[in-house]
Amino acid sequence: MHGAAEILDEFGVPHEDQIISAHRTPTRLEEYAKHAEKNGFKVIIAGAGGAAHLPGMIASHTVLPVIGVPILVYNDKQQKKSAFGGLDSLLSISEMPSGSPVVTVGVNKALNAGIYALKILANESSSIRKMLKSHKEKQHKSVLKESQDLKRIGLKKFVKKKFK
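Sequential numbering of the sequence shown, starting at 1, is according to the UniProt record's numbering.
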């Protein structure tokens with residue numbers, strides 16, 4: 001979820017970071033979601049692993065847009081991935097019942113969730129919209145620079161430099 005927080009910080013958008021469990025703190029989840037709009041929230045980003053009920057349960061208690069981030073969970077201290085490699089979370093979040101939608105990004109793609117939240121906020125904020133356009137332009141220039149680097153130094157050196 002760090003990627004979402006970083007991009008929101010970069011854009012100067014205040015956010016609140018919480019740990020809430022759909023299964024272990026259900027009443028806290030309900031209170032949080034029901035009061036989110038009154039507390040000034042415009043969008044909620046919720047990360048969850050495994051069965052990933054958190055984003056859907058939040059969506060069931062609010063009219064605010066909810067972006068679900070499927071999280072790859074690890075089973076033990078040896079960093080062994082869960083049996084489904086995050087696919088369980090992705091499918092769980094993307095297959096919400098009709099009437100309680102959640103937007104889903106890729107597994108561990110919190111940065112994309114943050115960018116999507118910014119796009120939602122840009123509907124009401126010309127300054128965020130302008131910053132998003134600038135961000136896209138930086139991405140464009142970055143890809144062009146990488147392409148030039150590849151041509152200049154060759155594939156082997158480029159791969160070493162890029163993925164060291």
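Idealized CB from N, CA, C, for every residue including glycine.
Check	Outcome
Just reading off the beta strand (DSSP E) that P97 is part of, what are its end residues?	No beta strand (DSSP E) contains P97, which DSSP labels as neither H nor E.
Which term fits P70, buried or exposed, when burial requires 16 or more other beta carbons within 10 angstroms of its beta carbon?	buried
Could you pull the start and end residues of the beta strand (DSSP E) that A46 belongs to?	I44 to G49
DSSP three-state label for T104, please.	strand
If we call anything under 8 Å between Cβ atoms a contact, is A83 one with T62?	no
Quick one, are the C-beta atoms of F41 and L118 less than 8 Å apart?	no
Please give me, in chain order, every unbroken run of the alpha helix (DSSP H) with length at least 4 that falls completely inside the stretch 119-160.	126-153
With 16 as the cutoff for other CB atoms within 10 Å, does H53 come out buried or exposed?	buried
According to DSSP, is G56 helix, strand or coil?	helix
Check for me: the beta strand (DSSP E) holding P70 runs from which residue to which?	V66 to I71
Are I93 and V102 close, meaning C-beta to C-beta below 8 Å?	yes
Under the rule that 16 or more other beta-carbon atoms within 10 Å means buried, what is T104, buried or exposed?	buried
Look at the alpha carbon of K136 and the alpha carbon of G154, and state the distance between them as a whole number of angstroms.	26 Å
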